[in-house]
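Enquirer:
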Amino acid sequence: MAFPRPRPARPELPRQRVQTLQCGQGAVRAARFNADGNYCLTCGSDKTLKLWNPHKGTALRTYQGHGYEVLDAAGSFDNSQICSGGADKSVALWDVTTGQVVRKYRGHAGKVNCVQFNQEATVIVSGSIDSTVRCWDCRSRRPDPIQVLDEAKDGISSVKLSAHEILTGSVDGRVRRYDLCTGQLYSDYIGSPITSVCFSKDGQCVLAASLDSTLRLLDKDTGELLGEYTGHRSTTYRLDCVLNEQDTHVGCASEDGHVYFWDLVEGSLALSLPVGQGVVQSLAFHPRLPCLLVATQGQVTLWREDTFQPEGDPS
Amino acid sequence: MAAESSDSEEEDLVSYGSALQPLEEGERIKKPVPLQEQTVKDAKGRYQRFHGAFTGGFSAGYFNTVGTKEGWTPSAFVSSRQKRADRTILGPEDFMDEEDLSEFGIAPKDITTTDDFASKAKDRIKEKARQIAGVVAPIPGTTAFDDLIGPSKITIGVELLRKMGWKEGQGIGPRVKRKPCRQKPDPTVKIYGCALPPGLSEGSEDEEDEYQPENVTFAPKDVMPVDLTPKENVHGLGYKGLDPSQALFGASGREHLNLFTGGSEETSNLLGDLRHSKGRKLGITGQAFGVGALEEEDDDIYATDTLSKYDTVLKDEEPGDGLYGWTAPKQYKSKRRPEGEIKYVGKVLAGFSLASKSSAPIKIYPPPSLPRNYRPVHHFRPVIIAGNENCHLQKALEESTGKLESDPTHQSRHALNAAQRRQQLGETELKGPAPSILEYLSEKDRERLKEVKQASEQQMKAKIVSQQSPNSRFQAASPEDATHKWRMQLGGQLVNAGSSDFKPFAKNPEKQKRYENFVRSLKQGEKGETLERFLDPNMSEWERGREHEEFFRAAIFYRSSNSTLSSRFTRAKYEDDVDKVEVPRDQENDIDDKETAVKMKMFGKLTRDKFEWHPDKLLCKRFNVRDPYPDSSVVGLPKVKRDKYSVFNFLTVPEPTTSLTQATNEKIQESSSLNKPSKKSSRWDVSDKEKEKKDSISEFISLARSKADAQQQPPVPATEKCGTGTTETLPTVVTDEDKNQEEESRRPPMDLFKAIFVSSSDEKSSSSEEESDEEQQPATSERESETTKQADISDNSSSNLQGRSVTATTDSGISSLPTSKQEDATEEFGPKLPPAFSSGRFCKHLGRKEKHRKIRERHKTKKERKRKKEKKKKHKKQKNKGKHKNKKSEKDSSSDTTDSSDSLSDMDTTGLSPKELLRR
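Protein chains in written order, with the UniProt record's numbering: chain U, 1 to 315; chain H, 1 to 920.
#1: Quick one: give me the first and last residue of the alpha helix (DSSP H) that I156/H is part of.
#2: Following the continuous alpha helix (DSSP H) through A597/H, name the residue where it begins and the one where it ends.
#3: Please decide whether H232/U counts as near chain H, where near means a Cβ-Cβ distance under 8 Å.
#4: Can you name, in chain order, every residue of its own chain whose Cβ lies under 7 Å from the Cβ of F199/U, other than the five neighbours on each side?
#5: Report the rounded CA-to-CA distance for H164/U versus F77/U, giving the unit in angstroms.
#6: Between D592/H and chain U, is any beta-carbon pair separated by less than 8 Å?
#7: In this structure, what does DSSP give as the bridge partners for residue 923/H?
#8: Can you find a C-beta in chain H that's less than 8 Å from the C-beta of I124/U?
#9: For Q116/U, which residues in chain H fall below 9 Å Cβ to Cβ?
#10: Looking at the structure shown, is residue 340/U part of a helix, part of a strand, or coil, going by DSSP?
#11: According to DSSP, simplified to helix, strand and coil, what is P22/H?
#12: Just by C-beta distance, which residues in the region 14-47 of chain U are closer than 8 Å to chain H?
#13: If you follow the alpha helix (DSSP H) that S521/H is in, where does it begin and where does it stop?
#14: Here's the rule I'm using: 16 or more other beta-carbon atoms within 10 Å means buried, otherwise exposed. How should W91/U be labelled?
#15: Does the beta-carbon of I89/H have 16 or more other beta-carbons within 10 angstroms, so that it is buried, or is it exposed?
#16: Per DSSP, V294/U is paired with what?
#17: Have a look at S128/U and L217/U and give me their C-alpha separation to the nearest angstrom.
#18: Are there 16 or more other CB atoms within 10 angstroms of the CB of A48/U, so buried, or fewer, so exposed?
#19: For F95/H, name the three-state secondary structure that DSSP assigns.
#20: Closer than 7 Å to a non-hydrogen atom of the ligand ATP - does that hold for the CB of Q19/U?
#21: May I ask you to verify whether the region 128-137 of chain U touches the region 614-626 of chain H, counting CB pairs closer than 8 Å and requiring at least 3?
#22: Chain H beta carbons: is any one of them nearer than 8 Å to that of Y186/U?
#23: Compare the C-alpha of D227/H against each of V14/H, Q170/H, G351/H, I106/H and name the closest.
#24: For D137/U, decide whether its Cβ has a neighbour in chain H, counting only Cβ atoms nearer than 8 Å.
#25: Select from the region 607-626 of chain H all residues with a C-beta closer than 8 Å to any C-beta belonging to chain U, and list them in chain order.
#26: Using a Cβ cut-off of 8 Å (strictly closer), state whether R141/U contacts chain H.
#27: For G636/H, which three-state DSSP category applies?
#28: So, for Q16/U: in the same chain, excluding its five sequence neighbours on each side, which residues have a beta-carbon less than 8 Å away from its beta-carbon?
#29: Quick one: is residue 317/U buried, meaning 16 or more other Cβ sit within 10 Å of its Cβ, or exposed?
#30: Which residue marks the beginning of the alpha helix (DSSP H) containing C241/U, and which one marks its end?
#31: What did DSSP end up calling D93/U once you bin it into helix, strand or coil?
#32: Using alpha carbons as the reference points, say which of F603/H, D627/H, S632/H lies closest to Y208/U.
#33: Could you please tell me which residues of the region 628-639 of chain H, in chain order, have their CB closer than 8 Å to any CB of chain U?
#34: I'd like to confirm the pairing. Which residues does DSSP put opposite Q16/U in its beta bridges?
#35: If you run the structure through DSSP and keep just helix, strand and coil, what is Q424/H?
#36: Counting contacts by CB-CB distance shorter than 8 Å, is H164/U in contact with chain H?
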């Protein structure tokens, strides 16, 4: 993009609401940016999945084919495919242009909470409340997963992938990291049910949100606690946590209708963004811009930094 | 055209074909009509019409009607004096369409050559007939003129062939090279079956002798079509019947023909045919009366048929060929056959030749010669029923039939078993499981057993003989006799009666011993009296008798079941160890100490478990990662086999823990957390730190942390317990759940609770009694009183929870729900999904509904929590009891999901210093 690299000065946080998407698909269970952040996916509780251009506020396509609520979705690196998981216990692989289900992977015994593509979109990793993580092959036609990671004692609430790692957060209060390179499983005990995990951009830290209203930043290699962030409210629901595009701040959704941002190093609350009255269900941070996607109730809002000028409003 | 006009100066250009019409400006190129839309029309543009009314077809007349567009109009008859109506005779043409009159119609009007004037060159037979007629005609050679003026009507096929270079009289096909020297067929070669006659198979030989230069090819020979006239009569093959002309003209005709065949072979083929047909023509046309110009010899044509020419007497030998008008081919008439050969009288079919050898005579098999005393009468023997009592009658009958059954071993076939039948049939024994133990014995042992068996049988026989005394009838029920009876039934197979594993009297070891001895002796063939001694001498006679019988029965039962069952089962190939089960080798160990570590924020080594984990090979491939364990076939966590029924598979046995002193650490964290949220200048304001942004976060953070630690490094001693945190409200009085949750997250330090509850013992609920057990337990730490207080606190909080769950239905001003609705809440594990519309901003009633559900769920989780809590307490109770027992603490193995509330209950394990924890 043409945006200049931000000066080493203070990084911007999204404070300004620039778009509101009325999704019209019931509760929006998840809002996700695609790989380059130009588009987004919203997962509705009315069994649909929608593709948007959030910057212009236009709906591009609706994907129908799930049997129940869609709970998570992810786009492939080349924007050609979408994977999604839903409460119908299935993981679906979609073709973006045709809008058809390419494949459906059945095997989970419960709701599929989270899905992720690997880097080359050859494997879909899905986590479910049946306490398993399943790795599905997109290349071959085999109907059963490549591998089932059933080490968790309770439901999987979040899955993230790096180039060679699978990071899972489970309700049994553990963050597990499966390293394919070294063939090791690291299991970090947090205690409280994990709602969301994510890698930092530099790949050295792991952020875990748990139901004790705390975000914890752990060192990936040693498991040591690097930071702890509190102030929001997360006791009941599965809420997302994010890191901003430069790893300077951590953000988390809250049940009080706000999105909180903390300084990553200092742990001080940097921003409390009032989004709405209801629970903020899902968060997604743009991969390169200070741009935040917030799903609350039936709508999705896009937030930009203060200095952002909605350039001429093209549409 | 365009090319010509443009290049007019270049006149020597040659242009082929016609140029396309030049495209006009703005004109669109016409699309070619696709094939399926192309329709055929006749010359007048009528659609799909090729046929007239008379030639039929799908479109005849005017749109399948006769007449015109106006319909069929009858012509009016008009006749006047001046203008008489002439009678019109309508021919078929008057009703025809023009298509019928066209070239391909039924009555073409074009001038065509008819068959009469067509060229007859193609029809050889007709041509021949015509030439013959010309020869025979009064003026010979007239027909030659026909050829001069004959118009040619030849078919298109012939014309095409001609254009391809075919000439009449040639065969069709590529030109062939003829072999210079034709091999004559070897006369010694035998021809079986349907060999072609030599003339037909090789073609005419008269062309062979010519000089044939190289590279000269010839057209293939023309093939005469095979005559395929079907056989319509019921005569034999080749039968022709009496030729009336031959019969009528008799010998004269024959002689006449003989003359021709004998003499003028050099005449043309054409005339040969003529001569052959001449005899026929004699009587019919009258044309050939008299002697023809080409005939040398006059025939006695006026001879009358006299009876003298007929035979009136049957003779042995006929001077002629004896055919008398049979129309055999000439060669058979003329040639004499060697003597002794079976003469075939009659015409040999075309394509067949007579066999040179007579076939071998059919062998006749005579009927079997009957025995001398055979009488062709069958007598039925009277059937003797085996169970017939009257043996005298039976014997008499048998004698009368003359067939005394002398062989007693000859039994009914139904009495035989499979082995006996097999022996009789001479089959080999089936390979399979050995039917009895006998098979496993060595040869020597078997021999010995057989000897023993025979000895016992002889003994038995002797016994029976001796007991055929008059008292035998009365002693039938005696045990001795029963022994024999049983023995007879058991036979030699009793030796199979197992000794080892069948224990029918295992409950009574004495009896079992007796039974084993009994069986052993029985196997050795001992007699009844000796068997008796194994029975209990203390028993009464009747009891002994009963036991005796019982043992026999048991022995029989065991034997039969053993031998019959053993043949049906095979041994297992693989030993299945039923009492082993696969369990993961490494398991995440107990969470109790982890929990304490978490509480102390001692993340890192304490909270981390590291396992060997084997990713699937395909997964590595898909992730473009080298397989870390290329040689292993394990996927996932490596597993080990453990005892299936071991308790340790289901309990994760924790290490013994001592009560910990956690207060100090708690304090540190608390103070740090209190310090942290204080507003201080952000790091982004500091300009000199901006350089560090490039560093990784972990470095950055560790730096910051070390700074922070330096600030609050002096560890707060336990003496200043009561100092901090007094501003916090008491959690017991808070009823709002959400608030409570928040307060749980940042709870006041232990000292506060201690300060409050140190004297209030009435707070102890019924559930605190097990905590009092813990009080009695000798704690390793020096501060026993503190642990009890902590227990108090945890107990308190649990009672808080209970109170909360009760009050939760009424909190936040929302109307309570009937508790019966809790059951219909759907499955909920872990964190729930947020409601769709909570505040009713979009639609009020929906939001309300959602809220209700939310409350319900909350309620439910609370209940669950409560249940868990109680469970936990129970565990603790057991645990404490266990501690009492062996002074060893056993952790409960429940690895259930720990809510934040669970942490409260685990306070009892606090009290260990972090250093101790780290040392472990």
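C-beta: ideal position from N, C-alpha, C; glycine also.
Expert: Taking the structure as given:
#1: It spans 156-163 - the alpha helix (DSSP H) in which I156/H sits, taken as one unbroken run.
#2: Start and end: 592-599.
#3: Interface criterion not met: the Cβ of H232/U is under 8 Å from no Cβ in chain H.
#4: Within the same chain, and ignoring the five residues on either side of F199/U in sequence, the residues whose Cβ sits closer than 7 Å to its Cβ are K160, S162, L167, V206.
#5: Computed Cα separation, rounded: 16 Å.
#6: No, D592/H does not count as interfacial toward chain U.
#7: No statement about residue 923/H is possible, as the shown extent of chain H runs from 1 to 920 and does not include it.
#8: Any Cβ of chain H closer than 8 Å to the Cβ of I124/U would place that residue at the interface, and such an atom is absent.
#9: Ordered by position in chain H, no residue passes the 9 Å Cβ test against Q116/U, which lies about 12 Å from the chain.
#10: Since the displayed chain U opens at 1 and closes at 315, residue 340/U lies outside it and no answer follows.
#11: P22/H falls in the coil class under three-state DSSP.
#12: When C-beta distances to chain H are compared with 8 Å, the residues of the region 14-47 of chain U below that value are G26, A27, R29, S45, in chain order.
#13: 509-523 is the span of the alpha helix (DSSP H), which, as asked, contains S521/H.
#14: Looking at the sequence itself, residue 91/U is Val, so the reference to Trp does not match. Result: buried.
#15: The residue is exposed, with fewer than 16 neighbouring Cβ atoms inside 10 Å.
#16: Its beta-bridge partners are L283/U, T301/U.
#17: When rounded, the distance between both Cα atoms is 24 Å.
#18: The sequence shown places Thr at residue 48/U, not Ala. A residue is called buried when at least 16 other Cβ atoms come within 10 angstroms of its Cβ; T48/U meets this threshold and is buried.
#19: Reduced to three states, the DSSP call for F95/H is helix.
#20: This structure lacks the ligand ATP, and indeed carries no ligand of any kind.
#21: Per the Cβ contact rule, the region 128-137 of chain U is in contact with the region 614-626 of chain H (3 or more Cβ pairs under 8 Å).
#22: Chain H, which has a Cβ nearer than 8 Å to the Cβ of Y186/U, makes this yes.
#23: It is G351/H.
#24: Put simply, the CB of D137/U is near chain H, with a gap under 8 Å to one of its CB atoms.
#25: So the list reads T607, R608, D609, K610, F611, E612, W613, H614, P615, D616, L618, L619, C620, R622, F623, N624, V625, R626, given in the order they occur along the chain.
#26: So no, R141/U is outside the interface.
#27: Taken through DSSP and simplified to helix, strand or coil, G636/H comes out as strand.
#28: Leaving aside the five residues that flank Q16/U on each side, the residues in its chain whose CB is nearer than 8 Å to its CB run, in chain order, W303, R304, E305, D306, F308.
#29: Here chain U comprises residues numbered 1 to 315, so residue 317/U is not present and cannot be evaluated.
#30: Looking at the DSSP string, C241/U is not in any alpha helix (DSSP H); the run it does join, the beta strand (DSSP E), is 241-243.
#31: Reading off the sequence, residue 93/U comes out as Leu, not Asp. L93/U falls in the strand class under three-state DSSP.
#32: Reading off the sequence shown, one finds Ala at residue 208/U, where the question assumed Tyr. Distance from the Cα of A208/U is smallest, within the candidate group F603/H, D627/H, S632/H, for F603/H.
#33: Result list: P628, Y629, V635, G636, L637.
#34: Answer by DSSP bridge pairing, in chain order: R304/U.
#35: Helix at Q424/H.
#36: It does: the Cβ of H164/U has a partner Cβ on chain H nearer than 8 Å.
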